[in-house]
Amino acid sequence: MTFLGGASEVGGSSTLLKVAGRYLLIDGGMRPAARDGQSRIPELSLLAATPPEALLITHAHIDHTGALPLIASIYPHIPIYVTESTRVLTEILLRDAVRIMKQEGLHPDGETPLYNKDQVDALLSRMRPIGFRQSFTPIASAPEIRVHYLPAGHILGAGILYFDTPEGSLLHTGDISVTDQRSIQGLDLSSLPHADIMICEGTYGNRNHSNRRKEERTFAEAVQQTLMRNGRVLCPAFAVGRAQEIVLILKSYRSSGLIPPVPIYLDGMVRSVCLAYQHQIHDLHPNVQRYIKNARRPLFVDPDLHIFAVRSQERAALIASKQPAIIISSSGMLSGGASPLYAATIAKREQDALLLTGYQDEESPGAALLHARRGHPVQIGSQTVQLACKVEKYNLAGHADSKQISQVVTKVAPHVLILVHGAPDALAALEQRFRDLRVEIPVVGSKLTFVQPSSRHFSPSPQEQAVVPSADDASSLDMPVLTAQTSAPAIISLWMLAKKLGPLRFWSVVELGQAYYGVAYRPSLRPVIEQLFKYDTSAYFKRSRIGSQSIYQPCETVMGRSLISDEEILAIQLAAPLSPPGPSATNPCAGAVAIVQGQKNSVPYLALILSSTYNSRIHMVTDSWKAAPRSLSLLQLLPDVQRYEWLGLPDETIQVRLKQWRQALNQVWVDLFSWWRRCHAQSFSFASLCQDLNLCLEDERLAWGLELLLHGSLLFRRDGETWLPLAEERVYRDAGFAQHLRLLDAGKDSAVLVNNRSGWLTGRSNWRLFEVRWHELETATAQPAQIRASSIHLID
Numbered sequence: 000m001t002f003l004g005g006a007s008e009v010g011g012s013s014t015l016l017k018v019a020g021r022y023l024l025i026d027g028g029m030r031p032a033a034r035d036g037q038s039r040i041p042e043l044s045l046l047a048a049t050p051p052e053a054l055l056i057t058h059a060h061i062d063h064t065g066a067l068p069l070i071a072s073i074y075p076h077i078p079i080y081v082t083e084s085t086r087v088l089t090e091i092l093l094r095d096a097v098r099i100m101k102q103e104g105l106h107p108d109g110e111t112p113l114y115n116k117d118q119v120d121a122l123l124s125r126m127r128p129i130g131f132r133q134s135f136t137p138i139a140s141a142p143e144i145r146v147h148y149l150p151a152g153h154i155l156g157a158g159i160l161y162f163d164t165p166e167g168s169l170l171h172t173g174d175i176s177v178t179d180q181r182s183i184q185g186l187d188l189s190s191l192p193h194a195d196i197m198i199c200e201g202t203y204g205n206r207n208h209s210n211r212r213k214e215e216r217t218f219a220e221a222v223q224q225t226l227m228r229n230g231r232v233l234c235p236a237f238a239v240g241r242a243q244e245i246v247l248i249l250k251s252y253r254s255s256g257l258i259p260p261v262p263i264y265l266d267g268m269v270r271s272v273c274l275a276y277q278h279q280i281h282d283l284h285p286n287v288q289r290y291i292k293n294a295r296r297p298l299f300v301d302p303d304l305h306i307f308a309v310r311s312q313e314r315a316a317l318i319a320s321k322q323p324a325i326i327i328s329s330s331g332m333l334s335g336g337a338s339p340l341y342a343a344t345i346a347k348r349e350q351d352a353l354l355l356t357g358y359q360d361e362e363s364p365g366a367a368l369l370h371a372r373r374g375h376p377v378q379i380g381s382q383t384v385q386l387a388c389k390v391e392k393y394n395l396a397g398h399a400d401s402k403q404i405s406q407v408v409t410k411v412a413p414h415v416l417i418l419v420h421g422a423p424d425a426l427a428a429l430e431q432r433f434r435d436l437r438v439e440i441p442v443v444g445s446k447l448t449f450v451q452p453s454s455r456h457f458s459p460s461p462q463e464q465a466v467v468p469s470a471d472d473a474s475s476l477d478m479p480v481l482t483a484q485t486s487a488p489a490i491i492s493l494w495m496l497a498k499k500l501g502p503l504r505f506w507s508v509v510e511l512g513q514a515y516y517g518v519a520y521r522p523s524l525r526p527v528i529e530q531l532f533k534y535d536t537s538a539y540f541k542r543s544r545i546g547s548q549s550i551y552q553p554c555e556t557v558m559g560r561s562l563i564s565d566e567e568i569l570a571i572q573l574a575a576p577l578s579p580p581g582p583s584a585t586n587p588c589a590g591a592v593a594i595v596q597g598q599k600n601s602v603p604y605l606a607l608i609l610s611s612t613y614n615s616r617i618h619m620v621t622d623s624w625k626a627a628p629r630s631l632s633l634l635q636l637l638p639d640v641q642r643y644e645w646l647g648l649p650d651e652t653i654q655v656r657l658k659q660w661r662q663a664l665n666q667v668w669v670d671l672f673s674w675w676r677r678c679h680a681q682s683f684s685f686a687s688l689c690q691d692l693n694l695c696l697e698d699e700r701l702a703w704g705l706e707l708l709l710h711g712s713l714l715f716r717r718d719g720e721t722w723l724p725l726a727e728e729r730v731y732r733d734a735g736f737a738q739h740l741r742l743l744d745a746g747k748d749s750a751v752l753v754n755n756r757s758g759w760l761t762g763r764s765n766w767r768l769f770e771v772r773w774h775e776l777e778t779a780t781a782q783p784a785q786i787r788a789s790s791i792h793l794i795d
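Residue numbers for the sequence shown follow numbering that gives the first Met the number 0, beginning at 0 and rising by one.
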């Protein structure tokens, strides 16, 4: 293991793991509160000699993801794995980071931005979402290395990484929390496997938390006291995790009557993160899920309950207002975002309060405020003000404390414990709890080597187990590879399941997917279900919304039916795939060559898939379109052609190669008329066409696919993935088509006349063109000509 960051410090987390001769990088964070002279990013130079082959992300916080766009641009070919909710939150955080860096770069002494919007887009398009407790292979060519994500209880989507390898097992906690929070459940100790080596966080390794509910009550009482003296409350909060907790705490104590119903304002990145939390309902605490389904109200921003999202044009008026209110804004350390703008005004009023609820780096403005005395000057943002307001800190931590970490380590029972993600004094104190273990406390740049054979392997419980390969390695597993048609359920199957299992409630897309696929469900199947609801499904489901998320209630009757038998449900479940689909039209793998088409009957293009599907979009580059995430609906055919070696090339180079390839494919002889005649009015798919014509060569499959999309509608009627030949009378009605078919019937070596020049057919033809060799050209080097069928006359 090589520790690039996050060792004996909090920030810049990144660890390179070498196992079985392969290299995996865990996290790539930024140091949000970097000291003078300290780099904001991990020591990426340590990767030069041993570049990673895959990147795995534990959770979305910027100290674990802030350098990812830079790392992804340096290693553009490696797969990137996240949980579904982590992907959603990472997008919000990184886009905000780009905005902040751009603003800082405008200052005379500002730093050059580490990356830009395009690099963030490229990173996001390459992320592959993985479900909790589902096994996957991060490196396609190393199936012996398998990984699971286990819920970490820290923030939405946070995961523990468990590695099962030939050299032993390893558990990397990322950031963990054992105590239940209001928005998500805490880490389930009983679910933890044994591991030979454990890398564990130690943020609060030198302290124990007070009782969570008592701390919440104390916080609520401080809010109440401030409001009772007509003051304002500012809660600087980490946008991800802590802000949502504060909102739910305030709502709870307001409903009980302890806190008066003054307006609550959400500002900064808190607004978009709250929306994302609500959209990922399936990862929230069961109590919150029940609230959303039963109350049918927004979870966070709810004007009817006087909870408002602050727009940028409203901020100045709110800062100037002296009316009692509660403001929740990022950042939690007052190091940026909107919170310093509010704090500069609130700090000057004695009746106001500034309540901190999260970790404060010793160099942060938040820590400086905690140490400051009333009446003394303090620096907040760019302003120096006299501190008059109350400043308090409440422990609503999303990290495990010393005692809880001890419980986690005891359950995992490692041979070696490596403590990271903590100040040196916190990690040193934590080390004293484990005198019977070998404990390592690395620093940035440390390299640790272990030789620990083990026969212990972890498997999820039967109800949790599901094999989830990476997009590239489905063929390496002993499992069926399913096509898009067999993996997508029929809408009536979803209605029957929902009608039988929960006829009166609303269902999310994720819940419908879980009901249909069972243990085989994984996040990348979500777009398959979402695609069904893009069409009119009102005959089967009533659509409603909770925040930004669509939910669906099964209709009372469908086609006169209202009762569903257990036998019918069993039949649906038996028909559902027993394992997730491999590469297909809904899940093409990175490196696959595809044929795409913008509109029906428009020119098709040759494309290289740059990443797997996410939210019904896929990152691709074509011979005519620049690299960008595009709608999955554009993808028409997958001819079983791959160019994995191109993934490491610049997008512009790939596009040039696709153009050259397309020009070469235009020279391949493909005659759809011959296939139309051979079909004998029988339907076919592109796969069956390739099989029947024995198209073994890649160029042949691509050329036929391009021609089928370009001219196929003139000879065939398409219904999804199926093509049906048009009737003979309709085809022969076209004089040009009839002439083409007559020439095909005549066959190779038939004598022809073209403008009084004689020759014979070579047997090669394509759309409206035939190859003709002239009689007067007898030399071996003579080139035949391509002649339009309408200009060719058969000689009897």
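By construction, the Cβ of each residue, glycine as well, lies at the ideal position given by its N, Cα and C atoms.
Quantities reported herein were computed from a predicted structural model and do not represent experimental measurements.
- For Phe299, the CB contacts under 6 Å within the same chain, skipping 5 residues up- and downstream, are Val246, Cys273 in chain order.
- Contact check for Leu160 against Met197 fails: the beta carbons are separated by 9 Å or more.
- Cβ neighbours of Glu430 within its own chain (closer than 6 Å, five residues either side excluded): Val438.
- The three-state reading of DSSP puts Asn765 in strand, counting E and B together.
- Per the Cβ contact rule, the segment 235-251 is in contact with the segment 318-334 (3 or more Cβ pairs under 8 Å).
- The count of Cβ pairs closer than 8 Å, one atom from the segment 662-675 and one from the segment 695-707, reaches three, so the stretches are in contact.
- Non-local beta-carbon contacts of Pro259 in its own chain, meaning distances under 6 Å to residues more than five positions away in sequence, involve Leu226 in chain order.
- When secondary structure is reduced to three states using DSSP, Thr536 falls in the coil class, being assigned neither helix nor strand.
- In this structure Ala589 touches Ile608 by the C-beta definition: roughly 6 Å separates them, less than 8 Å.
- As computed with DSSP, Met197 is found in a beta bridge with Leu170, Leu416.
- Boundaries of the alpha helix (DSSP H) harbouring Arg676: 671-678, taken from the DSSP string.
- In this structure, the alpha-carbon of Asn394 lies about 18 Å from that of Pro364.
- Per DSSP, Trp703 is one residue of the alpha helix (DSSP H) stretching across 697-710.
- Take Val408, set aside five residues on each side of it, and the residues of its chain with a beta-carbon closer than 7 Å to its own are Met197, Cys199, Leu416, Phe433, in chain order.
- Note on geometry: alpha-carbon atoms of Arg372 and Leu386 lie some 7 Å from one another.
- Counting only runs of 4+ residues, the alpha helix (DSSP H) found wholly inside the segment 34-81 occupies 61-64, 67-73, in chain order.
- Judged by beta-carbon spacing, Ser12 lies within the 9 Å limit of Asp26, meaning their Cβ atoms are closer than that value.
- Counting only runs of 3+ residues, the beta strand (DSSP E) found wholly inside the segment 256-326 occupies 263-266, 306-308, in chain order.
- Distance from the CA atom of Ile144 to the CA atom of Thr136, rounded to whole angstroms, is 6 Å.
- For Glu8, the closest of Met0, Ala19, Met29 by C-alpha to C-alpha distance is Met29.
- Residue pairing for Gly4: DSSP places it in a beta bridge opposite Ser13.
- Runs of the beta strand (DSSP E) lying entirely within the segment 350-418 and spanning at least 3 residues, in chain order: 352-355, 376-379, 382-385, 389-392.
- Going by C-alpha positions, Pro587 is about 60 Å away from Gln350.
- Under the DSSP assignment, Ser684 falls outside any alpha helix (DSSP H); it carries neither an H nor an E label.
- In the same chain as Val411, and ignoring 5 residues on each side of it, the C-beta atoms closer than 8 Å to its own belong to Leu170, Leu191, Pro192, His193, Ala194, Met197, in chain order.
- Rounded to the nearest angstrom, the gap between the Cα atoms of Leu249 and Ala219 is 7 Å.
- Across the set Lys747, Phe769, Trp773, Gly746, the C-alpha of Trp773 shows the shortest separation from the C-alpha of Asn755.
- Of the residues Tyr643, Arg616, Ile653, the one whose Cα lies closest to the Cα of Leu605 is Ile653.
- Nearest neighbour of Leu55 by Cα position, chosen from Met126, Ile91, Asp117, turns out to be Met126.
- Going by DSSP, Val640 is part of the beta strand (DSSP E) stretching over 634-641.
- The Cβ neighbour count for His679, taken over all protein chains shown within 10 Å, is under 16; the residue is labelled exposed.
- Residue pairing by DSSP places Pro628 opposite His618 in a beta bridge.
- In this structure, DSSP gives Ser549 an extended state, which the three-state scheme calls strand.
- As computed with DSSP, Arg241 is found in no beta bridge at all.
- In the DSSP assignment, Met126 falls within the beta strand (DSSP E) that extends over 126-129.
- Burial is judged here by how many other beta carbons sit within 10 angstroms of a residue's own beta carbon; Cys388 has at least 16 and is buried.
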